[in-house]
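The structure appears right after this line, and notes come after that.
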Amino acid sequence: MSLGNLSDLYRQLILDHAQHPHHRGELANANQTISLNNPTCGDVVNLSVEINDDQIKDIAFSGDGCSISQASASMMTDLVKGQSTAQAKKEIATFLEMLMGNPDEKDVDDLGDAAILATVVKFPARIKCATLAWKALEQAIGEAEKK
Amino acid sequence: MSLGNLSDLYRQLILDHAQHPHHRGELANANQTISLNNPTCGDVVNLSVEINDDQIKDIAFSGDGCSISQASASMMTDLVKGQSTAQAKKEIATFLEMLMGNPDEKDVDDLGDAAILATVVKFPARIKCATLAWKALEQAIGEAEKK
Amino acid sequence: MVKNIATARNDFPILAQKINDQPLTYLDNAATTQKPQAVIDALVHYYEFDNANIHRGVYTLAERATEQYEGVRQQVAKFIHAESDEVIFTRGTTTSLNWVALGFGAQVLQPGDEIVITVMEHHSNLVPWQQVAQKTGAKLRYVEITADGELDLAQYGELLNAKTKIVAFTHVSNVLGTINPVKKMTEMAHAVGAYVVIDGAQAAGHFPIDMVSLDCDFYAFSGHKIYGPTGIGILYGKRELLTEMQPVEFGGEMINLVTRQKTDFKAAPEKFEAGTMPIAQVIGLGAAIDYIQSIGWSAIEAQERKVTAAAYQLLKDIPGVEIYGPQIGSSRSALVTFNLNGVHPHDVATVLDTQGVAVRAGHHCAQPLMETLGVSSTTRASFGLYNNLTDVKRLAAAVRAAKEFFQV
Amino acid sequence: MVKNIATARNDFPILAQKINDQPLTYLDNAATTQKPQAVIDALVHYYEFDNANIHRGVYTLAERATEQYEGVRQQVAKFIHAESDEVIFTRGTTTSLNWVALGFGAQVLQPGDEIVITVMEHHSNLVPWQQVAQKTGAKLRYVEITADGELDLAQYGELLNAKTKIVAFTHVSNVLGTINPVKKMTEMAHAVGAYVVIDGAQAAGHFPIDMVSLDCDFYAFSGHKIYGPTGIGILYGKRELLTEMQPVEFGGEMINLVTRQKTDFKAAPEKFEAGTMPIAQVIGLGAAIDYIQSIGWSAIEAQERKVTAAAYQLLKDIPGVEIYGPQIGSSRSALVTFNLNGVHPHDVATVLDTQGVAVRAGHHCAQPLMETLGVSSTTRASFGLYNNLTDVKRLAAAVRAAKEFFQV
Ligand SMILES: Cc1ncc(COP(=O)(O)O)c(C=O)c1O
Ligand SMILES: Cc1ncc(COP(=O)(O)O)c(C=O)c1O
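Protein chains in written order, with the working numbering: chain A, 241 to 387; chain B, 241 to 387; chain C, 544 to 951; chain D, 544 to 951.
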C-alpha cells in the first residue's frame, strides 16, 4: 500500500510541531485573546497575545485541531514572539500569499519553520487548517491597533 | 402549410358556440354567482345561476377566454338549464371523466353538443379551458346545497 | 474558443427536432432558454467524474467539486463586474427577490415607509413586496407606464421622497420588452436615500450587465434563462448590505458555531447558502456563461436586434395584429408581444404549435400590467441567440394561418 | 427492469475512476450519493428533447415537460405512500424544514409553547427551530441520548406536555446511524396534541418510508441523497396542514390572482412552488426512484446491513479505534462513525484519500451532538447500495495505514 505524496504533507518537522507544540497554553497577562474556528471541520484556535509598544511580547495558543493546524500555530508562535507588530503583519501576509500558491521566494525564507507549510498548497482541503492561527493573529493585531 | 389535426380541436360546432355563445350575460335573479379563473392563462368564467327546489331554473355566464372555454360554457348552459341539480351533477361528472380521457360512452351521449369536446383530450394544455365552466357549476350547486 | 452565431443553432441539440412534423421554432426564450451541448456536457461530466458534497470534504472529489463551485462564483462575479463575496447562489430569480424582500426589506422597513415598484413587474418582483409591505406596515406605490409602454419617469420622480426606503424594478419587461433606464432610476432612488433592487431575469443573457456601472444595491437573475440548467439563480448584493441582510434559510454550512440555544452565522455569501446547494447546476451555469462569452456580446446583441426588428415588422404587416410595448428603435429587448384581433391568445398559440412554433399565451405572470393594458392575455414571441430570420418568417406565416383558420 | 445489486456498481459511471491511482472507494454517501447512468440519461434526455417551462405553455414541449414534472409528483407520492397534493418540491431537505418552521411553525406557535427536538439533529433541523423559537417566544427543549447513542425515550416522554406544540426529530442520525422509533415517537407526540416533523434525509433511499403508517405531519428529504440530482428536495405535509401552512416564497405560478395591493394564492402544492422550479432535477429524481425500485428494497437493505456490519467489525478490530452510536444488531443504519485515538479525523481522512477512500471528517453539521459526545470531530464512513465488502476492506486497510503512518 503506497502512501503516495503523504510524506510531502506530513514532513517530520510538521509532525514534530504537531506532537510537541511550542507555546501551548494561555497567557496570564494577555491583552488580546481571539478564538477562531474553521467551521468546515471544527478546528479551534484560541490565541492569547501580549502586545505592548507595538511589539508582541508574548504569545500562546490552545484549542483543538488537526496536525496541520496545530503545527502551524506552533511554528507561528515561534516566529512572531518578540517581533514588532509591523514585522508580524508582514510575515502573516507572506504566509497567506504562500498558502494561496503565490510564494514570494525571498520573503518566504523569513518564515522559519513555517516555510515548510508551502506543501499544504497541494492539499486544498487543508489550507484553511494551515491559515487559522495566522488569521487569528491578524485579528489580534488589528484589535490592538484600534486601541 | 398543413394545419394538422387542428380541425379536430376546432370543429365547426365548437367555433359556432365560441362565436355565438348561448346564455351569455348575467341573471337578474341569480341566487348563486361564482367566478373561476384559470390562473395559467387568465381565462375567467363568471357564472350566475338560479337554483330553486333542487332545479336549475336559469343560468348565464360572462367572462373572457379562449374559444374552447367559451364554447364549453355555452354548451354546458344549453345542457343543464332546466335540469335537476342531481342530474346536472351527473353530467358534470361525466364531462370531467371524459376530459380525463375516461369517457363512459353511454353517459357521454347525454352531454349533447358538449360531447364533441372529447377531442380536447388530445390537447392537454387546453383541458383546463374546457373544464372551467363545469367546475364553476359544480361549486355553485355545492353552495346551493349548503343552504 | 470563439463560436459563430450563424451556426449557434447547431450547438443546441433540442433545436434539431421536429414538432408536429415541423422544424421546432422555439420562441419562448423569455420563459426559459434551451441548453447548448456544452452545458449538458458539463453536467454529465460533473456527475460522471466529480460529484461530491462541497466545502465539507477532505477527499479528492470534494475538493474538485468545491473548487469548481467556487470557481463559478468568481466567474459570475466577473460576468457582472462584482466581487465574489457579493454573489449568492439561490434557486432562481424568484428566490433571490424573496430573500431580498424578507432578509433585507423586512429588516429595514418601518411602518409608514414606502416601497416603490412598477406596474410592469413580474409577480416575482411584486408579490414579495406586497407581503413585506403587509408585514412591516410599509406602503406599496406603483410607477405607471406611458402610452408607448415605457416607464413614466416623471411620475417616478414624483413618487420618490424621503419616505421611500426601497425601489424595486425590472431591468427588462417580460411582456413589453422595454429596457428600463435602470442606471438613471438607480441614481434618482439613491438621491432620496432609497435602496435599489433590480430584477434582471430578462436582461442577463441578452446584453452585458455591470454592477459597478449600475451601482444598484441588489440584482437578481436566473440560470435557466441564460442557457444554463434549471434550479439555479443568482443574487448580487453590495458587500456592506449583505452584511446587514439576514439569512432566510438556516441549516448546514451557513453557520460558524451552533450551540443548543444559539447560532452564530458565517459571513456572506456563505451565510445565505444553507444546506446542500444545487452544485451540479452551479457548474452548469459556469458552462453557460462560458458559452455566452464564446459567442460574444456584440454578435448576440446584433442578432437579437435583427430578429426582433424583423418579427416586429412582419407581425405589424398582418392586418388585425396589435403589438404591445415600445416601437422598434426605442430601448427594447428581444421579444414581441401581440394579439390577433378576434382570436384568443390561447387559440393562436395552439395553431402556432401545429406549425412547430412555440410561443407563450397568457398573462405572463404580470396581471397588474395586463389590467393596465386592458387585456386579459397576450401572445408573446421571445428570442434567444440561436433564433434567426427563418424562425421569424415561420412565426409570421403561422399567425397568418391562424387568421385564415379563424376567418378573422 | 429488475437490476441486480451485485452489479449495481457498474450502473454508476463515477465509480469506475481511479483516485490517486487507487480505485475510488466512495464512502461519503450520507453527504451525497453518486448518480446511476439512468439518472444522468434522464437529465440529458430532458434537455435534449423536452426542455420548456412548465404549467404555463400551450405548446408541445411545455406539455411534455409539465406532464413529466407532475408525473414525478405522483411517483414520489406512491414512493412514500401519500397523495400527490401532499408532495411539495423544494431545493432540498434544508429548504423543506425551513419552510415548515417558518410557514407552519411560526403560524401556530405562541409565546410559552414548547418545541421539542433532539440533541442528535443535523443543523438543518435545529437552527430553523431556534430561529422560530426566538421569533415566537416558544421554548426549545432537547431530547437527550443514552450511552448507547439512542434517544432517551423515557426523558422524551417526560418532556412532552400540553405546552408541546411541535416535535421535530430525525428519522436516522447522520452521525450515530441510530434509526429512531419514529412511529412510536409520533404517537407519543400526537397524544399530547403536538405536530410531528420528521427529517428523513438519512432514511429515504435506505429503506421504505410510509406516510400512512408513520402518520407524521411533515416529512422532509433530499433528492441528491437518494441517487438523484442536486438541487431538488421534497416536503410531504398532511393535506389539511398544507392548507394552513403559509408559503414562504412568492412569485409566478403560485398565485390565483394578483392585483396591485392583494394576492390570492392557489391551493397546495402549487401555492408553495413559486417561480420556475428545478424542472430537470424533478425529472432526474423520478429516474432515481425508478432506479431504486428496479433494485428493490430487500436487496438494498440486505446489502447495506451486510456492509455496515462488516465495517463495524473490521474497524472495531483495530486497536485505538473508537466507534460511536448503537451496536450492530440495534436499530442502526448504513454508516459507521469513528475516531482513531491520537490522530485528528482530518488527518485520518487525508491518509484515506491517498488510498482512494473518500470519507467525511468533521462535526457533520451536528455540533450540539459533538459536544454531547465530548469530541470536536469524528470520521464517518457511510454506505450506499453500491458499496460492497471490498470497499470495507479497503477502508479498514487504509485506517491501519494511517495508524502506522502516525505511529499511534
Ligand atoms: C439528518 C440530515 N438532515 C438534513 C440534512 C440536510 O440535507 P440537505 O443538505 O440536502 O438540505 C442532512 C444532510 O446533510 C442530514 O444528514
Ligand atoms: C421579469 C421576470 N422576473 C422574474 C422572473 C422569475 O424568474 P424565475 O421563474 O426563474 O424565478 C421572470 C421569469 O419568469 C421574469 O420574466
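Built from N, CA and C at the ideal position, the CB exists for glycine as well. Note that this is a predicted model, so its numbers are computed, not measured.
Proximity test, Cβ basis, 8 Å: residue i and chain B
i, result
"Asn799(D)", "yes"
"Gly600(C)", "no"
"Ala944(C)", "yes"
"Asp890(C)", "yes"
"Lys768(D)", "no"
"Ala605(D)", "yes"
"Glu792(D)", "no"
Pair within 8 Å by beta-carbon distance, residue i and residue j
i, j, result
"Val918(C)", "Asn884(C)", "no"
"His588(D)", "Asn717(D)", "no"
"Gly776(C)", "Phe793(C)", "no"
"Gly774(C)", "Ala823(D)", "yes"
"Lys708(D)", "Asp753(D)", "no"
"Leu586(C)", "Leu586(D)", "yes"
"His749(C)", "Ser876(C)", "yes"
"Ala620(D)", "Leu928(D)", "no"
"Ala608(D)", "Asp584(D)", "no"
"Ala705(C)", "Thr679(C)", "no"
Which listed residue (the options) has its alpha carbon closest to that of residue i
i, options, result
"Leu858(D)", "Pro790(D), Ala941(D), Pro821(D), Asn930(D)", "Ala941(D)"
"Asn563(D)", "Gln856(D), Gly899(D), Tyr855(D)", "Gly899(D)"
"His714(C)", "Val740(C), His598(C), Leu784(C)", "Val740(C)"
"Val710(C)", "Ala697(C), Arg684(C), Val879(C)", "Arg684(C)"
"Tyr590(D)", "Lys849(D), Gln611(D), Ala574(D), Val601(D)", "Gln611(D)"
"Leu372(B)", "Ile332(B), Asp349(B), Lys386(B)", "Ile332(B)"
"Thr689(D)", "Asp571(D), Leu784(D), Asn931(D), Gln870(D)", "Gln870(D)"
"Ala747(D)", "Glu844(D), His733(D), Lys561(D), Val791(D)", "Glu844(D)"
"Val850(C)", "Leu570(C), Glu783(C), Gln565(C), Ala676(C)", "Leu570(C)"
"Ala817(C)", "Phe632(C), Asn547(C), Gly600(C), Ile548(C)", "Phe632(C)"
"Gln327(B)", "Asp304(B), Ala270(B), Asp344(B), Gln295(B)", "Gln295(B)"
"Leu702(C)", "His666(C), Val659(C), Asn668(C), Gln674(C)", "Val659(C)"
C-beta neighbour in chain C for residue i, strict 8 Å
i, result
"Asn277(A)", "yes"
"Ala311(A)", "no"
"Asn594(D)", "yes"
"Ala258(A)", "no"
"Gly282(B)", "yes"
Contact with chain D by residue i, beta-carbon distance below 8 Å
i, result
"Ala376(B)", "no"
"Ser307(A)", "yes"
"Ala370(B)", "no"
"Ala358(B)", "no"
"Asp248(A)", "no"
"Glu687(C)", "no"
"Phe363(A)", "yes"
Where the beta strand (DSSP E) containing residue i begins and where it ends
i, result
"Asn799(D)", "798-801"
"Phe592(C)", "Run containing Phe592(C): none; DSSP gives neither H nor E here."
"Asp304(B)", "295-304"
"Ile631(C)", "630-633"
Extent of the continuous alpha helix (DSSP H) to which residue i belongs
i, result
"Ser309(B)", "307-320"
"Val942(C)", "932-948"
"Asn641(C)", "636-642"
"Val825(D)", "822-838"
"Leu895(D)", "888-897"
"Ala915(D)", "Here the sequence assigns Thr to residue 915(D), which means Ala is not the residue at that position. From DSSP, the alpha helix (DSSP H) with Thr915(D) extends over 910-916."
Short CB-CB distance (under 8 Å) between residue i and chain A
i, result
"Gly905(D)", "yes"
"Lys809(C)", "yes"
"Glu610(C)", "yes"
For ligand 2, which residues have a Cβ under 5 Å from at least one heavy atom, in chain order? Gly635(C), Thr636(C), Thr637(C), His665(C), Ser667(C), Thr713(C), Asn717(C), Asp742(C), Ala744(C), Gln745(C), Ser765(C), Gly818(D), Thr819(D)
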